[in-house]
Amino acid sequence: MRLLYFVFAFIAVMPRIVLADDETIKWKEVGGWTVAVDPTLGNGCFVLTSFDDGTVFRLGLNYTKKKAPFT
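Everything in the sequence shown is counted per the numbering used here, starting at 571 for the first residue and increasing by one.
As structure tokens, then:
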């Protein structure tokens, strides 16, 4: 059970690590949300926030090109 809690905690912290990355470009702070661009995702933009209970939420777009499965 401890391992499960550790995995959930690690997943919750991941967006903060990505936001701190030198490749992430912070654009603006709006109402407690960080708006940024991630060049590693084809310059996809995302919003990120954290809540009082420690929950971190990141929602964004991934513009990296993927090959069609049936080409």
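Idealized CB from N, CA, C, for every residue including glycine.
Query raised in the report: Are the Cβ atoms of Val605 and Ile595 separated by less than 7 Å?
Result: no
Query - Contact set for Lys636: own chain, Cβ-Cβ below 7 Å, skip 5 residues either direction - result: Annotation for Lys636: no residue places its beta carbon closer than 7 Å to its own, counting only its chain and skipping 5 residues before and after.
**Report entry** Which of helix, strand or coil DSSP assigns to Leu631
**Finding:** coil
Report task. May I ask you to report which of helix, strand or coil DSSP gives Thr619? Result -> strand
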